[in-house]
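K.L.:
Each number in my numbering comes from the position in the sequence shown (counting from 1) with 63 added on.
Have a look at the structure that comes next, please.
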Amino acid sequence: MASSLPPGTDPCSIAAGMSPDGSPPNFKNPESLATATIVVCSVMIFLTTTFVGARVWINRHMLKWSDYLTIVAYTLQMGFTGIIISLHRLDRHIWDIPACWLDTTYLKRVYAHTLLFGIVLLTSKAAIFCLYLEIFGSNPKTRRLIWAGLICTGVLYSTFIPFASVYDAPAAGTSWDQLFAQITDLNRAHVILYWSLGIGAGSILLDSYIFILPIPILLKLQVSKVKRLQLLAVFGTALLGVDASIVGLAYRTLYITDPLDSTWHSAAVAIANMIENDVAIIVGSMPAFNHFFQAHVADSSMWRSLVSMMRSRHDKGSTNKSSLFNSSWPSSAKKPYALGSRPASEQGIELAGAYGRPLESSVTTTYVEGLHAGTKQAGQEEGRIVRAVDIIQEVQYRPEPTTTMM
Numbered sequence: 064m065a066s067s068l069p070p071g072t073d074p075c076s077i078a079a080g081m082s083p084d085g086s087p088p089n090f091k092n093p094e095s096l097a098t099a100t101i102v103v104c105s106v107m108i109f110l111t112t113t114f115v116g117a118r119v120w121i122n123r124h125m126l127k128w129s130d131y132l133t134i135v136a137y138t139l140q141m142g143f144t145g146i147i148i149s150l151h152r153l154d155r156h157i158w159d160i161p162a163c164w165l166d167t168t169y170l171k172r173v174y175a176h177t178l179l180f181g182i183v184l185l186t187s188k189a190a191i192f193c194l195y196l197e198i199f200g201s202n203p204k205t206r207r208l209i210w211a212g213l214i215c216t217g218v219l220y221s222t223f224i225p226f227a228s229v230y231d232a233p234a235a236g237t238s239w240d241q242l243f244a245q246i247t248d249l250n251r252a253h254v255i256l257y258w259s260l261g262i263g264a265g266s267i268l269l270d271s272y273i274f275i276l277p278i279p280i281l282l283k284l285q286v287s288k289v290k291r292l293q294l295l296a297v298f299g300t301a302l303l304g305v306d307a308s309i310v311g312l313a314y315r316t317l318y319i320t321d322p323l324d325s326t327w328h329s330a331a332v333a334i335a336n337m338i339e340n341d342v343a344i345i346v347g348s349m350p351a352f353n354h355f356f357q358a359h360v361a362d363s364s365m366w367r368s369l370v371s372m373m374r375s376r377h378d379k380g381s382t383n384k385s386s387l388f389n390s391s392w393p394s395s396a397k398k399p400y401a402l403g404s405r406p407a408s409e410q411g412i413e414l415a416g417a418y419g420r421p422l423e424s425s426v427t428t429t430y431v432e433g434l435h436a437g438t439k440q441a442g443q444e445e446g447r448i449v450r451a452v453d454i455i456q457e458v459q460y461r462p463e464p465t466t467t468m469m
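Structural data, given as structure tokens:
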């Protein structure tokens with residue numbers, strides 16, 4: 064850019080590109096994706112750190128290959144995100160960017176961006192396949208399918224290293240200044256763009272494979288329907304990876320259809336790439352995070368209080384179920400009670416599931432004496448959620464409600 068300007072021209076006083084309508088450049092308050100870049104990066108850093116931190120904590124005494132690869136992917140992803148943030152001032156239309164901003168430092172960051180993007184994709188998705196090996200690898204057929212996915216991951220994303228080194232870095236014996244002089248080489252740019260489309264299509268196929276692979280195994284597990292749905296929900300988060308890959312490919316396609324506004328489309332692609340990497344790391348950490356949540360969050364008094372408050376607000380906006388229940392029975396008729404329960408007015412307590420909701424297959428109300436042999440624990444309040452237990456529910460119509468030991 065600057066090297067092609069007439070002698071004596073200040074590159075900071077002219078735009079790096081020409082506006083389609085011929086309007087003058089706006090260097091003061093142009094349309095920009097800078098705010099969106101910083102906000103999205105900050106949110107994804109928080110989410111990824113939360114999931115990876117929970118994973119490392121829950122597995123800290125028995126770290127395996129999947130954990131080590133996730134740690135590597137997370138570390139490199141933080142560097143990748145830092146590069147995207149460092150380029151946020153260039154997240155404008157190219158005709159609103161001073162020509163002096165596009166220099167060799169910019170090219171070096173683009174090279175690092177491309178290289179890190181590929182390595183993070185490689186390590187994060189390899190971590191998912193290693194996790195599958197640890198969980199489902201006992202079956203020989205499944206193990207072969209997992210290894211096939213792991214090999215495809217290595218082949219697909221290892222191409223980032225040669226392509227970035229050939230097209231985004233100076234050749235041996237040349238300098239970054241010489242590479243900068245070739246920045247308008249369209250053939251060079253087209254190779255990178257169409258290669259990135261191939262990577263995007265491959266990522267969609269690979270993420271779909273990651274999503275589908277564990278489903279047949281989970282459907283065959285000899286567990287309750289509720290537990291099976293929970294497992295499908297945890298591993299089904301891999302569908303987010305498919306969505307992220309589709310979005311990334313869509314923005315790369317826009318780049319090709321409008322190559323003249325390269326900086327604007329580069330900013331959108333960078334955001335999509337960052338989300339794609341973070342989603343891959345989060346998906347691989349979801350099973351461990353679920354374990355962490357169940358062990359350290361779901362049973363905490365703070366979480367249960369929060370869930371109770373949310374449920375209370377929801378109940379205020381809807382019809383009071385207990386009032387409808389009572390009003391639907393004649394006063395002289397006997398009402399049904401869960402076996403081993405008493406009415407709420409007789410100091411019953413509600414047993415909540417791991418997420419603060421009543422367990423699908425448990426008695427939702429039971430008498431305090433049924434749990435504690437007639438002794439109330441110190442500091443226990445009437446109607447307070449005490450703990451989570453699995454009790455089979457049976458509903459009977461009885462003339463007199465009685466308490467049954469559980």
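Cβ coordinates follow ideal geometry from the N, Cα and C atoms, glycine included.
1) Taking only three categories from DSSP, how would you classify P123?
2) Pick helix, strand or coil for P233, following the three-state DSSP scheme.
3) Taking its Cβ as the centre, do 16 or more other Cβ atoms sit within 10 Å of P277, making it buried, or is it exposed?
4) Kindly list the residues whose CB is nearer than 7 Å to the CB of H151, restricted to its own chain and excluding five residues on each side of it in sequence; keep chain order.
5) Look at L312 and I267 and say whether their C-beta atoms are less than 8 Å apart.
6) Output yes or no for whether 8 Å exceeds the beta carbon distance between I191 and A351.
7) Using 10 angstroms around the beta-carbon of S386, count the other beta-carbons present and answer buried if the total reaches 16, otherwise exposed.
8) Does S95 come out as helix, strand or coil in the three-state DSSP assignment?
9) Would DSSP call P88 helix, strand or coil?
10) Taking Q357 as the reference, which of Y195, V297, R206 and T144 has the closest Cα?
11) For P225, which three-state DSSP category applies?
12) Would L294 be called buried (16 or more neighbouring beta carbons within 10 Å of its own) or exposed?
13) Sort out for me which residues DSSP pairs A78 with in a bridge.
14) Suppose you measure from the CA of R315 to the CA of W327; what does that come to, to the nearest Å?
15) Mind reading off the beta-carbon distance from T133 to I344? Whole number of angstroms is fine, and I expect it under 8 Å.
16) Am I right that G304 and I273 are in contact with their C-beta atoms under 8 Å? What's the rounded C-beta distance?
17) Please report how far the alpha carbon of T429 lies from the alpha carbon of F180, in whole angstroms.
18) Could you say which of Y318, F355, D341 and S364 lies nearest to V106 if we only look at CA atoms?
19) Are L323 and G80 close, meaning C-beta to C-beta below 8 Å?
20) At the level of alpha carbons, what is the spacing between H473 and H156?
21) Just the Cα atoms here: how many angstroms apart are G116 and N336?
22) What separation, rounded to the nearest whole angstrom, lies between the Cα atoms of T112 and N92?
23) With which residues is R155 paired in a DSSP beta bridge?
24) I'd like the list of long-range same chain contacts for E339, defined as Cβ closer than 8 Å, with 5 residues on each side in sequence excluded.
25) Within 10 angstroms of its Cβ, does L126 collect 16 or more other Cβ (buried), or is it exposed?
26) Looking only at C-alpha atoms, which of Y195, G299, S221 and S329 sits nearest to I209?
27) By Cβ distance, which residues of its chain are closer than 6 Å to P83, with the 5 residues on each side in sequence left out?
28) Determine whether the beta carbon atoms of T167 and D240 lie at a separation below 8 Å.
29) Tell me the rounded alpha-carbon separation between D130 and F355.
30) Return the CA-CA distance between W258 and N89, expressed in angstroms with no decimal places.
31) V310 by DSSP, collapsed to three states: which one?
32) Look at A227 and L178 and say whether their C-beta atoms are less than 8 Å apart.
33) What's the C-alpha gap between T205 and N353?
34) Considering only C-alpha positions, which residue in the set S371, Q140 and W158 is nearest to I182?
35) Beta-carbon within less than 6 Å of L281's beta-carbon, same chain only, minus the 5 sequence neighbours each way: which residues are those?
P.N.:
So, from the data block:
1) In the sequence under discussion, the amino acid at residue 123 is Arg, which differs from the Pro named in the question. Assigned with DSSP and collapsed to three states, R123 falls in coil, not helix or strand.
2) coil
3) buried
4) A97, T100 and I101
5) yes
6) By the CB criterion at 8 Å, I191 and A351 fall outside the cutoff.
7) For S386, the predicted model reports a pLDDT of 48, less than 50, meaning its position is unreliable and no value from the coordinates is stated.
8) S95: strand per DSSP, three-state reduction.
9) Note: P88 maps to coil in three-state DSSP.
10) V297
11) helix
12) buried
13) P161
14) In a straight line, the C-alpha of R315 is about 12 Å away from that of W327.
15) 6 Å
16) 6 Å
17) For T429, the predicted model reports a pLDDT of 33, less than 50, meaning its position is unreliable and no value from the coordinates is stated.
18) D341
19) A contact, by the Cβ cut-off of 8 Å.
20) Residue numbering for the chain in the displayed model covers 64 to 469; residue 473 lies beyond these limits and cannot be assessed.
21) 22 Å
22) 33 Å
23) S95
24) L184, S266, G304, A307, S308, V310 and G311
25) Here L126 is exposed. Its C-beta has fewer than 16 other C-beta atoms within 10 Å.
26) Per the Cα distances, Y195.
27) none
28) The answer is yes: Cβ separation under 8 Å.
29) 15 Å
30) 33 Å
31) Residue state, collapsed to three classes: helix.
32) yes
33) 23 Å
34) Q140
35) L294 and L295
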